[in-house]
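Numbering (our numbering), first residue to last: -1 to 291.
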Amino acid sequence: MSRLRETAAVVALLRRGGRPPHELSERIEVAGSATAVLGGADDSAPRLFAADAYGQVVDLEAIAGEVAGWESQGLAVITVLDARYPPNLRTIHNRPPLLFVRGRLSDRDTRSVAVVGTRRPTAAGRRRAGQIAAELTAAGLTVVSGLAAGIDAAAHVGALDSGARSVAVVGTGLSHVYPSANRPLHERLVRSGAVVSQFWPNAQPTREGFRRRNIVMSGFALATVVIEASRTSGARQQARVALEHGRPVFLLGSLLCEQWARDAAKRPGVHVVSDSAEIVARLEGLNAGKLAA
-1 MSRLRETAAV VALLRRGGRP PHELSERIEV AGSATAVLGG ADDSAPRLFA ADAYGQVVDL
59 EAIAGEVAGW ESQGLAVITV LDARYPPNLR TIHNRPPLLF VRGRLSDRDT RSVAVVGTRR
119 PTAAGRRRAG QIAAELTAAG LTVVSGLAAG IDAAAHVGAL DSGARSVAVV GTGLSHVYPS
179 ANRPLHERLV RSGAVVSQFW PNAQPTREGF RRRNIVMSGF ALATVVIEAS RTSGARQQAR
239 VALEHGRPVF LLGSLLCEQW ARDAAKRPGV HVVSDSAEIV ARLEGLNAGK LAA
């Protein structure tokens, strides 16, 4: 069965709607085929057409042409059936069935840590984000963040300036860079790492998009580090999601000035740290699959 046909079927299923994307991921993986879930035609048929579960004919050939067009624009289109799908992301229940990627994913990304925080950091917070990111990469970890202004951008820059790769998980389609001021950083990430989105290439920024971005970022990484974040920050929401995913969460000690962080620090799986050495020490068992909380 051709990869292009399967990718086209995943696109058709997402466009049809009716189910949350993560439920589609589960159904596709259980069936081992997106065309089977779509209610597809005989796999031996030479044409790329299928009837969906509602009896409507889906033009998989036309959709395959769209996929080829995206790929010609430099976007890798990766489905949950693809061997290139990030292994860590496979382990969470709310994984998306389709990813768009600019740049290159790496096997080393299985050892990744999300470094996140507020869009309006203090100068000290911005410095700490870059420093911690650089030190984590020196320990052989890939730094993941969300390409937002503030802490996210500082973490990416810290990793890239140290000569390492970094991965951005974004809340828009890859035809858009948000905020636009981060376009040069976006291009650096494409050259030296990857930018990943679960959204159609032309998708605009929305609050829901950033919420779903945080879910994927948490799943992509083995742990989340929060540098600075207020009660209303998306980084706080990502910390909560990371715990739901069974991932450890690291809070810098300076965050304990926030009530939400003091409350979170009492929860299993949350660790208050002062530097990257403590984070690395806690994650030493990762290669052996021992994600101790």
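In this text, a Cβ means the ideal position worked out from N, Cα and C, and glycines have one as well.
Taking a cut-off of 8 Å for Cβ pairs, the segment 225 to 235 and the segment 256 to 271 touch, as three or more such pairs fall below it. DSSP places V111 within a strand segment (E or B) once states are collapsed to three. As DSSP reads the structure, R100 sits in a beta bridge with V193.
V165 places its beta carbon 8 Å or farther from that of D80. In the three-state scheme derived from DSSP, where H, G and I count as helix and E and B as strand, I225 is classed as coil. The C-beta of P84 has 16 or more other C-beta atoms within 10 Å across all chains shown, which makes the residue buried.
In this structure, the straight-line span from the alpha carbon of R109 to that of A221 is close to 9 Å. Here the alpha carbon of T204 sits roughly 11 Å from the alpha carbon of Y176. The beta-carbon distance between L58 and A10, rounded to whole angstroms, is 7 Å. This is short enough to meet the 8 Å contact definition. When the Cα atoms are used, L36 and G171 turn out to be separated by approximately 24 Å.
Counting C-beta atoms within 10 angstroms of its own C-beta, H91 has fewer than 16 neighbours from the protein chains shown and is therefore classed as exposed. Linking L281 to A137 through their CA atoms gives a straight-line distance of about 11 Å. Per the DSSP secondary-structure output, F218 pairs with nothing in a beta bridge. The beta carbon of S272 sits closer than 6 Å to those of G251, all from its chain and outside the five residues before and after it, given in chain order. In the displayed model, A137 falls within coil according to three-state DSSP, outside both helix and strand. One alpha carbon belongs to A6, the other to G30, and they sit about 15 Å apart. Taking P119 as reference, the option from E185, A151, D105 and R13 with the minimal CA-CA separation is A151. In this structure the segment 239 to 254 lies against the segment 263 to 277, because at least three pairs of beta carbons, one per stretch, are closer than 8 Å.
Residue pairing of A74 in beta bridges, as defined by DSSP: V99.
For the 8 Å CB-CB criterion, R209 and Q196 do not form a contact. Of the residues assessed, V28 falls on the exposed side of the cut-off, its CB having fewer than 16 other CB atoms within 10 angstroms. Take the alpha-carbon of G207 and the one of A157: they are about 25 Å apart.
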